[in-house]
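Number of protein chains: 2
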Amino acid sequence: MGEQERRSFLEELTEAHYGKGQYIFRQGDPADYFHIVTRGSVKCVKSSPEGKECTLKVLMPGDLFCCEAAVFDGSPHPGTAQPMGEVSVLRLSKKAYFDMLRSNPDAAIEVIKYLGNRLNEVQEQAKILALDRADQRLATLLVNLAERTGVTEAQGIRLGVRLTRQDMANMVGVTTETAIRIMARFKKLRLVSGTAARLVVRDLPRLKELAAMKPSL
Amino acid sequence: MGEQERRSFLEELTEAHYGKGQYIFRQGDPADYFHIVTRGSVKCVKSSPEGKECTLKVLMPGDLFCCEAAVFDGSPHPGTAQPMGEVSVLRLSKKAYFDMLRSNPDAAIEVIKYLGNRLNEVQEQAKILALDRADQRLATLLVNLAERTGVTEAQGIRLGVRLTRQDMANMVGVTTETAIRIMARFKKLRLVSGTAARLVVRDLPRLKELAAMKPSL
DNA sequence: TTCAAAATATGACATTTGTCATATTATTTT
DNA sequence: AAAATAATATGACAAATGTCATATTTTGAA
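Chains L and B, in that order, are what the protein sequence lines are. With the first letter of the first sequence counted as 1, position 165 gets the number 165 in the working numbering; the numbers rise by one all the way through. With the first letter of the second sequence counted as 1, position 194 gets the number 194 in the working numbering; the numbers rise by one all the way through.
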């Protein structure tokens, strides 16, 4: 890649900031940009015709969200991207993204790797939704978040994202009430503590067991 | 890409055939090849520690199955690839695949497009597993298969894949009994007819409605 | 601080789905 | 054709999860 080309990509790379209550894009919007999270976290949400919502993924800094299919074939965004607090993202126009991939095979391979990982991740998630009970799915979620975003503290691992029971419910495909009841059980068993703003995983190993176990506690 | 290079890729491209009862690869196997289906259909299956199974996707001719993450970072196959009847696949070694992507940006972009579409597909599937009832999920499955593999006949659209109720159950995350009961209901409503070897969708529009509808029939 | 809104909690009950047992019907194989 | 196997069917009951109502607590904003 020549200097010229590199400069032209950089010119098309802009940073955007979003806050609570805003949307980066919404389900059905035209897909004109390729995005990269640089600060904060972003929720990827899909909603059904009846208004029920499901959170597919929490993107962290470094994550791409391109909605590839949409960017390439001009179809609308299949879901909504919603900031969780203050967020910054880099945006690259469709054309610049495409040119970059064409002229930079290494970048293309990185994107392939990234998409491959995401694909595996979602397939694992689909398996869990298809086969596991609600409490197992919730345990799996807590384990993943603890490992991906957790900060070790005196009492356990504090999650790096603010998550209400409703958020968790949307991530594992249950109602808010069910999520609340299961979390109450987990709290009683000293597996977790705290709520939304300060959620702590106190017993990772037992949560992991529970995620793979038959009988519900 | 020079003639030399092209020839070297082709040299590494071999065709393999599989039949009923065999495996193309199994969950946990090392991932050494990139595959393309050329004939027949292939089931992608994941199983849980307790032995329950879930079918994530039926691959048709033209589909890639590379388990990208696995091919790139040397991790084991995250699932099993199982022929449904007689199947042919092209296999390309890891190294040849990688070289091909590096030297051929257009191919890399095609792979990115393909993976992007797959990602959307699985995310849609996850949404459905998270939010819809069993009968809606089954209706969605029948609609998709009718549109993807169906052949129009006098009585309706005949599916191009052999699918037992158990197969369907594994695809939508319910037990075999539940799939049987729901299919019995669909049959009574004249939405479908036939079993495994000869499954016919008789009323696509109503199945589509049902897939998006609140009350169960 | 005080008030309003959001989040968590809990009970009673309905619905959905799973489990297990057993029977019947198709399909393959011998 | 007969036997064996696989697939479909159905009932009775148990377990998981959803729904709706309402209360309490926590958090954030005026």
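Just so you know, even glycine gets a beta-carbon here, dropped at the ideal spot from N, CA and C.
{"Item": "At least three beta-carbon pairs within less than 8 angstroms, the segment 82-92 of chain L to the segment 177-195 of chain L", "Value": "no"}
{"Item": "Alpha-carbon to alpha-carbon, E124/L and V200/L", "Value": "24 angstroms"}
{"Item": "Below-9 angstroms beta-carbon distance, G74/B vs any chain L residue", "Value": "no"}
{"Item": "Segments of 3+ residues assigned as beta strand (DSSP E) that fall wholly inside the segment 73-126 of chain B", "Value": "80-93"}
{"Item": "Under 7 angstroms from the C-beta of I182/L: neighbouring residues of chain B", "Value": "Neighbours of I182/L on chain B: none; closest Cβ ~15 angstroms, over 7 angstroms."}
{"Item": "Pair within 9 angstroms by beta-carbon distance, S88/L and E153/L", "Value": "no"}
{"Item": "Rounded separation between L159/B and G160/L - CA only", "Value": "47 angstroms"}
{"Item": "Identity of the residue in L207/L, T195/L, T149/L nearest P61/L by Cα", "Value": "T149/L"}
{"Item": "Contact set for K107/B: own chain, Cβ-Cβ below 8 angstroms, skip 5 residues either direction", "Value": "For the record, residue 107/B in the displayed sequence is Ala; it is not Lys. Around A107/B: M100, L101."}
{"Item": "Minimum Cβ-Cβ distance from K208/L to chain B less than 9 angstroms", "Value": "no"}
{"Item": "Contact under 9 angstroms by Cβ, L207/B with L142/B", "Value": "yes"}
{"Item": "Secondary structure of K214/B, DSSP reduced to three states", "Value": "coil"}
{"Item": "Chain-ordered neighbours of N144/B on chain L, where CB pairs are closer than 8 angstroms", "Value": "In chain order: nothing, as chain L lies at least about 14 angstroms away."}
{"Item": "S93/L at chain B interface by Cβ criterion, 9 angstroms", "Value": "no"}
{"Item": "Contact between the segment 175-185 of chain L and the segment 25-44 of chain B (3+ Cβ pairs under 8 angstroms)", "Value": "no"}
{"Item": "Burial state of A212/L, where buried means 16 or more other Cβ atoms lie within 10 Å", "Value": "exposed"}
{"Item": "Close-in-space but distant-in-sequence residues of the same chain around R118/L (CB under 7 angstroms, 5 per side omitted)", "Value": "none"}
{"Item": "Of the listed residues A196/L, V174/L, D167/L, R162/L, nearest to G40/L (C-alpha basis)", "Value": "R162/L"}
{"Item": "Chain L contact for F25/B (CB, 9 angstroms cutoff)", "Value": "no"}
{"Item": "Start-to-end residues for the alpha helix (DSSP H) that takes in A179/B", "Value": "176-188"}
{"Item": "Given Q155/L as reference, the closest of R133/L, N144/L, V192/L, A126/L once Cα atoms are compared", "Value": "V192/L"}
{"Item": "Residue closest to A31/L, alpha-carbon to alpha-carbon, out of E50/L, R133/L, S75/L", "Value": "S75/L"}
{"Item": "Whole-number beta carbon distance between N120/L and A69/B, since they are thought to touch under 8 angstroms", "Value": "5 angstroms"}
{"Item": "Under 7 angstroms by beta carbon: chain L residues contacting R118/B", "Value": "L119"}
{"Item": "Under 8 angstroms from the C-beta of P49/L: neighbouring residues of chain B", "Value": "A212"}
{"Item": "Unbroken beta strand (DSSP E) run spanning V42/B, endpoints", "Value": "33-47"}
{"Item": "Interface residues of chain L facing L129/B [CB-CB closer than 8 angstroms]", "Value": "A126, L129, A130, G173"}
{"Item": "Minimum C-alpha distance to V58/B - residue among E110/B, L129/B, M171/B", "Value": "M171/B"}
{"Item": "Proximal residues of chain B, C-beta to C-beta of L56/L below 9 angstroms", "Value": "Q123, A126, K127, A130"}
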